[in-house]
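The opening residue of the sequence shown carries number 147 in the working numbering; numbering runs sequentially from there.
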Amino acid sequence: MARKIIVSNRLPVKIKRIENRLTFEASEGGLATGLGSVYKDGDNIWIGWPGLCLDEESEEQTAIAELQKENMQPVFLTETEIKEYYEGFSNETLWPTFHYFSQYAVYEQSYRDAYHQVNQKFCDQILKSANPGDTIWIHDYQLLLLPSMVREKLPDITIGFFQHIPFPSYEVFRMLPWRKDILQGMLGADLIGFHTYDDVRHFVSSVIHILGLAASHGIIETGNRSVMVDAFPMGIDYDKYADTAKSEKVAAIVNTFQEALRSRKIVLSIDRLDYSKGIPQRLRAFEMFLKQYPAFHEEVTLIMIVVPSRAEVEKYKELKIEVDELVGRINGSYRTLTWAPVQYYYSSFPFEELSAFYRLAHVALVTPMRDGMNLVCKEYIASRTDGTGVLILSEMAGAAKELSEAILINPNDVNQVVDALYQALTISEENQRTAIASMMVTVQKYDIHHWVNIFMDRLAYTKEKQNALKTTLLRGEIQQKLIKEYQQARQRLIFLDYDGTLMPFTRDPNKTKPDNELLNQLQALAANPANRVVIISGRDHTTLAKWLGHLPIDMIAEHGVWLREHETEWHMIQNLDNSWKEDIRPIFEMYVSRTPGTLLEEKDFALVWHYRKIDPALGETRAGELSSHLNYLIANQNLQVMEGDKIVEIKNIEVNKGIAAARWLQSYEPDFVLAVGDDRTDEDTFRMMPPEAYTIKVGNIRSVAKYHLHTTEDVRSLLQHLTGSAQ
Ligand code: GDG
């Protein structure tokens, strides 16, 4: 049975050492609840750090046995590893960078090494249980290298990755010294999820710029796999929040709290202590509000719950001091005998008390400087079972994309936050109800269970799509069979594409002249009287003739415009008209003049714009523009526009490699056919081949061909086998 394996830095469990004994308590976070339906089922498991450094073997054994009962497997980490991998690289390098606080980022090689080592530890633990048919779902920024580490060992396994924090703009991400490894690590996954479409865009843009890979419509081509990238906004356990808020237990807590607070208007904020959450900025805005609106003195109280977090990291210590001082200053200036404007708690509360705070709060003030999603605002909405309440929400939180009925603010704009507070405290009940009702529908529908299901479904779909177009690697027995059939055949037809198949790509297409080894190989192959070797290329016929014309081979040039059999003259496949070039050429020239680094290639029946040397994103944009410009102009003409590998080409529609290749199939009635190519245009050749033909795609496993080879060297080695095997 295929297993599902969840992997995250922390296991959903709290282990404590009380008087030398370990106690285990399941954690009640939303993610743990949502993923409960996955890891608690059958043989499925959750792998992660249990949250405590154990130093004795016997303790580790106890932990393993206890956790196993809950379908969990621990990865034990030492204190040094926690310091360098978790507090160091994860929280002092990646966290600030990904939250646009690059100025706080520490670039320390030993942290990065520890991060690599710990990701490897996670990988080793996964490999103890995982099989090729399993599905692995890896979570968050502490494990960015893990997808590729697992992929290397289990190439066919299904891997999903979800990042809970933002992915920053390429301009910020590129500052990271280890940017390349990180992207490559993530691309080991089949599906990469983020909370918002902005994160998706930023990630794809970084991949295009830093790794030079091609991507379109959320699919990144890594060469042998297509990786899908998409937005999956995470939800909360809606029913749990709504039911708890309605419970009698919470009603009793609300009463107690209300008595203590009298009937003042409550503004609530809840976050971990983190500079990304904008806590000092929020306090300054509240201070200004009190200054501007004295009428609200004694009327409004800010309840600020700050959950201790990462207290070992320097920046967090500084932040704690700053928050303490600000609260002191505000309360010092405004408090009265019976009123403290800010009720500040540096601690966490039991779930029911949290729920009571949500119920009590007239306004939730959620103003992070950056937040991947922010669940607090969704929990507030779910807890407003009486239908009232106002949410002030930062546009920098992922949740703002879904909760557009909130009062959205820019957390850097103090005046805007002050105005929002005034608006929130004076808004009519009717307007409150309309906004809350609408947001409730969203939060209820897109809850945590929905999120888990949709991610899992999408992951399965991604793998299916990959498999549908997947070719088999030509090696071992298949290669033996090919060679045997080759030997037994009496009339063989061999179609070979040139660039990317026989010769590797170079930045300058004019430098891809055949080397002696290749010339000798083609000569040997063609010397066999049973062989008909056809070079089938997109190149112009003059170049092909110059490079290969002296060999006893056939040639198809310009994707099938020009044909030549052995030493005969070139002839055109049919009478083609190229008068259209006069009108179209100026458009290509305009793109060349607008875009330094690009060039126009003119063939007899085609024009090609090459953009391999320029910024890939600019290239894609201009290519899109050029294609649609051309498509608009050529309506009803016998022309076709193609976007290929860093090119845009326009040519006569009657021309393609497949149509040309069909001529040879008809003339020779071969009993062995081999077609090898790497490019999109070679797909036309593959499609035209008879079912028993050997069709081989080079460099990519996605193709209509039956088989694939990785490199041009592999192709040459295959040809070597063929020439050596038969006369
Ligand atoms: C990361 C991303 C993304 C808080 N105080 C108490 C308490 N909490 C709970 C809240 C909420 C959770 O902690 C905080 O979640 P957030 O989403 O707001 O923020 P991060 O911890 O930074 O989470 C974030 C999230 O991952 C999920 O992908 O949304 O953007 O930064 O659930 O209720 N819970 C209890 N007592 C407290 O005092 N019981």
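All C-beta atoms, glycine included, are put in the ideal place defined by N, C-alpha and C.
Selected residue, minimal CA-CA separation from residue i, among the options
i	options	result
Glu202	Ser813, Thr224, Trp195, Lys186	Thr224
Asn613	Asn666, Lys160, Trp192, Tyr853	Tyr853
Cys523	Met586, Gln634, Phe319	Met586
Lys797	Ala581, Trp755, Met835, Leu811	Trp755
Glu663	Trp241, Lys411, Gln866	Gln866
Trp877	Gln783, Glu713, Gly176, Pro220	The structure shown does not extend to residue 877, since the chain spans only 147 to 873, so no value can be given for it.
Arg768	Leu753, Leu785, Thr744, Lys749	Thr744
Arg149	Ile272, Gln266, Leu709	Ile272
Glu468	Val153, Glu548, Asp420, Tyr231	Asp420
Thr179	Ile303, Gln783, His595	His595
Ile733	Gly622, Asn724, Leu746	Leu746
Leu216	Asp750, Ser540, Ser173, Leu200	The residue asked about is misnamed: residue 216 is Glu in this sequence, not Leu. Closest by alpha carbon: Ser173.
Tyr491	Ile449, Asn477, Glu525	Ile449
Lys657	Thr689, Phe435, Ser550	Thr689
Thr588	Lys749, Gly381, Val453, Leu407	Gly381
Val560	Ser574, Pro837, Gln438	Gln438
Sequence-distant residues of its chain with Cβ nearer than 7 Å to residue i (five each side left out)
i	result
Thr831	Phe641, Ile682, Lys803, Gly804, Ala807, Ala821, Gly823
Gln873	Low confidence applies to Gln873: its pLDDT is 46, below 50, so where it sits in the model is not reliable enough to give any reading.
Val446	Arg410, Lys411, Val413, Leu571
Thr647	Val822, Gly823, Asp824, Val844, Thr858, Val861
Arg731	Leu753
Ile760	Thr741, Gly743, Thr744
Sequence-distant residues of its chain with Cβ nearer than 8 Å to residue i (five each side left out)
i	result
Glu499	Ile399
Ala781	none
Ala546	Leu539, Ser540, Ala552, Leu554
Pro487	Phe432, Leu436, His443, Val446, Thr447, Leu448, Ile476, Asn477, Tyr480, Arg481
Tyr592	Pro379, Gly381, Glu548
Val153	Trp192, Ile193, Gly194, Phe268, Ile272, Ile282, Trp283, Ile284, His285, Leu289, Leu292
Outcome for residue i when other beta-carbon atoms lying within 10 angstroms are tallied against a minimum of 16
i	result
Ser739	exposed
Met295	buried
Pro874	Summary: the structure shown does not reach residue 874, with the chain confined to residues 147 through 873, and so no result is reported for it.
Ser362	exposed
Thr239	buried
Met147	exposed
Phe497	exposed
Thr513	buried
Gly234	buried
Glu704	buried
Asn599	exposed
Thr169	exposed
Ala839	buried
Gly279	exposed
Glu603	According to the sequence shown, residue 603 is Asp rather than Glu. Result: exposed.
Leu864	buried
Paired residues, beta bridge with residue i - DSSP
i	result
Leu820	Ile640, Tyr840
Met332	Note: Met332 sits in no beta bridge, so no partner.
Arg928	Because the chain spans 147 through 873 in this model, residue 928 falls outside it and cannot be assessed.
Gly306	Trp283, Leu337
Arg418	Val453
Leu709	Ile702, His717
Ala360	Glu367
Thr482	Trp485
Gln786	Lys797
Glu525	None; Glu525 has no bridge partner.
Asn677	Arg638
Phe313	The partner list for Phe313 (beta bridge, DSSP) is empty, contrary to what the question assumes.
Ala752	Lys749, Lys797
Gly194	Pro220
Proximal residues to residue i (C-beta, below 6 Å), its chain only, five neighbours per side dropped
i	result
Lys843	Thr617, Ser849, Ala851, His854
Gln288	Asn155, Ser236
Val679	Ile640, Leu671, Ala672, Ile699
Val787	Ser773, Leu776, Asn777, Ile796
Met321	Ser248
Leu357	Leu329
Using a Cβ distance threshold of 8 Å, determine whether the segment 203-223 contacts the segment 149-165, with at least three qualifying pairs required.
yes
Does the segment 516-536 come close enough to the segment 302-311 to have 3 or more Cβ pairs within less than 8 Å?
yes
Three or more C-beta pairs below 8 Å linking the segment 323-343 and the segment 599-611
yes
When the Cβ atoms of the segment 383-403 are set against those of the segment 526-536, are three or more pairs found closer than 8 Å?
yes
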